[in-house]
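Colleague: Each residue of the sequence shown is one higher than the one before, counting from 1034 in my numbering. Ideal Cβ positions, reconstructed from N, Cα and C, are used throughout, including at glycine. Note that the structure is a prediction, hence the values are computed from the model and not measured. Structure below; questions to follow.
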Amino acid sequence: MTAPGKIEFRDIPVPKVKEGQVLVKIKRIGICGSDIHVYYGKHPYTSYPVVQGHEVSGEIVKLSDGGSNFKEGDKVTIQPQIVCGKCYSCKHGQNHICDNLKVMGFQTTGMASEYFAVDLKKVLKLPENISYDHGALVEPLAVAVHALKRG
């Protein structure tokens, strides 16, 4: 998205996989209310241009190195929050309110692309009985579960 209401489709190179990352072929992507706010220029923490996409499922097609429990062909989803790990909230298990929180597709590059290179620590393997359609719903489901736990 280059500006509010302006979407461009571009051919871009497949990302290079850095150490500690995997390359995921995106199979499904969700569009949520926050994405709509970005489209209309009403999201307070997003600047343009931005590649959206934070609710996804996909397949690992390349690993950077060994040392992980993942393998090519694994069905996965990606946790889109990027946290500092150093602030009070992060140190007390409250990553979702990190002082330096960024979310893929809003403050950093999102996953609305054919391929996405991502740190291993952000990748969650999906059970075999979970479809790609349902796998893209893990993030919004997690938001709902968190809201229910808060009461």
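Do three or more CB pairs link the stretch 1117-1125 to the stretch 1144-1161 at distances below 8 Å?
Modeller: Flag = no, the stretch 1117-1125 and the stretch 1144-1161 do not touch.
Colleague: Please name the residue in V1116, D1152 and N1128 whose C-alpha comes closest to that of K1135.
Modeller: It is V1116 whose Cα lies nearest to the Cα of K1135.
Colleague: Taking I1062 as part of the beta strand (DSSP E), name the residues at either end of that continuous run.
Modeller: Per DSSP, I1062 belongs to the beta strand (DSSP E) from Q1054 to I1062.
Colleague: What are the residues that DSSP puts in a beta bridge with L1096?
Modeller: In DSSP, L1096 forms a bridge with V1055.
Colleague: What is the residue span of the alpha helix (DSSP H) that D1068 lies within?
Modeller: Unbroken alpha helix (DSSP H) run through D1068: G1066 to Y1072.
Colleague: On a Cα-Cα basis, can you pick out the residue from E1041, Y1073 and V1089 that is closest to I1064?
Modeller: If we check each option's Cα against that of I1064, V1089 comes out closest.
Colleague: When the distance is taken between beta carbons, is V1047 closer than 8 Å to I1093?
Modeller: No; because the gap between Cβ atoms is not below 8 Å, this pair is not in contact.
Colleague: Express the C-alpha separation of N1102 and E1161 in angstroms, rounding to a whole number.
Modeller: Looking at the two C-alpha atoms, the distance is approximately 15 Å.
Colleague: Do you know offhand how far G1143's Cα is from M1137's?
Modeller: Rounded to the nearest angstrom, the two C-alpha atoms are 4 Å apart.
Colleague: On a Cα-Cα basis, can you pick out the residue from M1034, V1055 and K1049 that is closest to Y1072?
Modeller: Looking at the Cα atoms, M1034 is the closest of the given residues.
Colleague: Quick one, are the C-beta atoms of K1039 and S1097 less than 8 Å apart?
Modeller: No, Cβ-Cβ distance for K1039 and S1097 is not below 8 Å.
Colleague: Since M1137 sits in a beta bridge, which residues does DSSP pair it with?
Modeller: According to DSSP, which records beta bridges pairwise, M1137 is partnered with T1141.
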